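Residue numbers (the working numbering), protein chains in the order written: chain A, 54 to 155; chain B, 54 to 155. Beta carbons are placed, not taken as given, at the ideal position from N, Cα and C, and that holds for glycine. Every value quoted in this text rests on a predicted model; they were computed, and no experiment measured them. Below is one structure, written out as structure tokens, with a few remarks after it.
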DNA sequence: GTGTTAGTACGTCGTTCATCGTACTAGGCT
DNA sequence: AGCCTAGTACGATGAACGACGTACTAACAC
């Protein structure tokens, strides 16, 4: 089984996380994950970019520690790392999600 | 008297604000402002960059709506737009400040 | 096996951005 | 007037980034 690297909770960096959340396409992914669409493959997200660009954004989110990903067959299962983010940067994710929903 | 442009509260954009807060030098400025150092000229901030780069960062913060600036003689007086940011993006500034202080 | 599907690797292109130095302006002080 | 100080304008440079297409791999279904 293929594996994917994730940073540990105490390795999360504010710079990286803010950079990850700073892109509108990535916020769109995070929003869809937050709204419960976390049982679908990357390709099923509605994004205005190509497949390879989509891969790029998912990887940025993962290496920043915003989401975690694991393989399910050929597809990838992504989830928001809510608890980890809240532990390290309390309130940040919720504030961004809140702001993004307007 | 020279004047400086500021976006209205309802014109603040999440993208721009996140981009502004995403830079470590600018977060340092914001932190110093939040900690009460808001009665000093731009040049008095302790920043690891040149004077012209410093001007650049202050302008990014102002045009994003994170700070407001007005002339006091030749110097510029900068303040955090706490209330405006809280009105438009509740909790965001505090979450970032909190995270930046670790 | 073949074919299909989901995602990756890689190289490229164009844009944006942080940084700088130099030359300049506006306001205050003597 | 002359000088100093705080900040700006402008142009240059190099790095980072978002976007793309093409060619590839891994897992599943048949």
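* Round the Cβ separation of residue 98 of chain A and residue 82 of chain A to the nearest angstrom and send it over; I've been treating them as touching at under 8 angstroms. => Residue mapping note: residue 98 of chain A aligns to position 45 of the first chain, counting from 1. Residue mapping note: residue 82 of chain A aligns to position 29 of the first chain, counting from 1. About 6 angstroms; that satisfies the 8 angstroms criterion.
* So what's residue 121 of chain B in DSSP terms, helix, strand or just coil? -> Sequence index remark: in the second chain, residue 121 of chain B carries index 68 (1-based). Correct three-state label for residue 121 of chain B: strand.
* To do: For residue 87 of chain B, collect the residues of the same chain with a Cβ closer than 7 angstroms to its Cβ; drop the 5 residues on either side in sequence, then sort them by chain order.
  => Numbered from 1 along the second chain, position 34 holds the residue referred to as residue 87 of chain B. Same-chain partners within the cutoff: 133, 150.
* To do: Please compile the residues from chain B whose C-beta is within a distance smaller than 8 angstroms of the C-beta of residue 68 of chain A.
  => By 1-based counting over the first chain, the position of residue 68 of chain A is 15. Going along chain B in sequence order, the residues near residue 68 of chain A (Cβ under 8 angstroms) are 75, 77.
* Can you list the residues of chain B that residue 152 of chain A reaches, using a CB-CB cut of under 7 angstroms? -> Along the first chain, one-based indexing puts residue 152 of chain A at 99. Those are 67, 142, 145, listed as they occur along chain B.
* Asked: Would a check of beta-carbon distances place residue 117 of chain B closer than 7 angstroms to chain A?
  -> The sequence position of residue 117 of chain B within the second chain is 64, counting from 1. So no, residue 117 of chain B is outside the interface.
* **residue 148 of chain A: contacting residues in chain B (beta-carbon distance under 9 angstroms)** => For the purposes of this step, residue 148 of chain A is taken as residue 95 along the first chain, with counting starting at 1. Within chain B, the residues near residue 148 of chain A are 142, 143, 144, 145, 146, 147, 148, 149.
* To do: Let me know the secondary structure DSSP gives residue 153 of chain A once reduced to three states.
  => As a first step, residue 153 of chain A is located in the first chain; it is residue number 100 there, counting from the start. Helix, per DSSP.
* To do: Go ahead and label residue 233 of chain A buried or exposed: buried means 16 or more other beta carbons lie within 10 angstroms of its beta carbon, across all protein chains shown.
  => The question about residue 233 of chain A has no answer here: the residues shown for chain A are numbered 54 through 155.
* To do: Confirm, please, whether the CB-CB distance from residue 152 of chain B to residue 145 of chain A is below 7 angstroms.
  => The residue you call residue 145 of chain A lines up with position 92 of the first chain. The residue you call residue 152 of chain B lines up with position 99 of the second chain. Yes, Cβ-Cβ distance for residue 145 of chain A and residue 152 of chain B is below 7 angstroms.
* What residue from A/117, A/72, A/62, A/125 has the CA that sits closest to residue 77 of chain B's CA? -> In the second chain, counting from the first residue as 1, residue 77 of chain B sits at position 24. The residue with the shortest Cα to Cα distance from residue 77 of chain B is A/72.
* Asked: On the three-pair Cβ rule with 8 angstroms, is the segment 96-111 of chain B touching the segment 103-122 of chain A?
  -> no
* Quickly, what does DSSP pair residue 128 of chain B with across the bridge? List them, please. => Taking the second chain and counting its residues from 1, the one referred to as residue 128 of chain B is at position 75. DSSP output for residue 128 of chain B lists B/125 as bridge partner(s).
* Please check if any C-beta of chain B sits within less than 7 angstroms of the C-beta of residue 71 of chain A. => Translated into positions along the first chain, residue 71 of chain A becomes position 18. Yes, residue 71 of chain A lies at the interface with chain B (some Cβ there is under 7 angstroms from its Cβ).
* Starting from the C-beta of residue 84 of chain B, find all residues in its chain whose C-beta is less than 8 angstroms away, skip the five residues before and the five after it, and write them out in chain order. => For the purposes of this step, residue 84 of chain B is taken as residue 31 along the second chain, with counting starting at 1. Only 150, 153, 154 meet the Cβ criterion.
* When the distance is taken between beta carbons, is residue 94 of chain A closer than 7 angstroms to residue 148 of chain A? -> Numbered from 1 along the first chain, position 95 holds the residue referred to as residue 148 of chain A. Numbered from 1 along the first chain, position 41 holds the residue referred to as residue 94 of chain A. No, the pair does not count as a contact, with Cβ atoms beyond the cut-off.
* Asked: Helix or strand or just coil, what does DSSP make of residue 2 of chain A?
  -> Given that chain A is displayed from residue 54 to residue 155, the structure contains no residue 2 of chain A and the question cannot be resolved.
* Asked: In chain order, what residues of the same chain have a beta carbon less than 6 angstroms from the beta carbon of residue 29 of chain A, not counting five sequence neighbours either side?
  -> A question about residue 29 of chain A goes unanswered here, because the residues of chain A that appear run from 54 up to 155.
* Asked: When burial is assigned at 16 or more other CB atoms within 10 Å of the CB, is residue 75 of chain A buried or exposed?
  -> The sequence position of residue 75 of chain A within the first chain is 22, counting from 1. Result: buried.
* To do: Within 10 angstroms of the Cβ of residue 125 of chain A, are there 16 or more other Cβ atoms? Answer buried if so, exposed if not.
  => The count along the first chain starts at 1 and reaches residue 125 of chain A at position 72. Exposed.
* Neighbourhood of residue 137 of chain B by C-beta, 6 angstroms cutoff - its chain only, sequence neighbours within 5 removed -> Numbered from its first residue, the second chain carries residue 137 of chain B at position 84. Result list for residue 137 of chain B: 62, in chain order.
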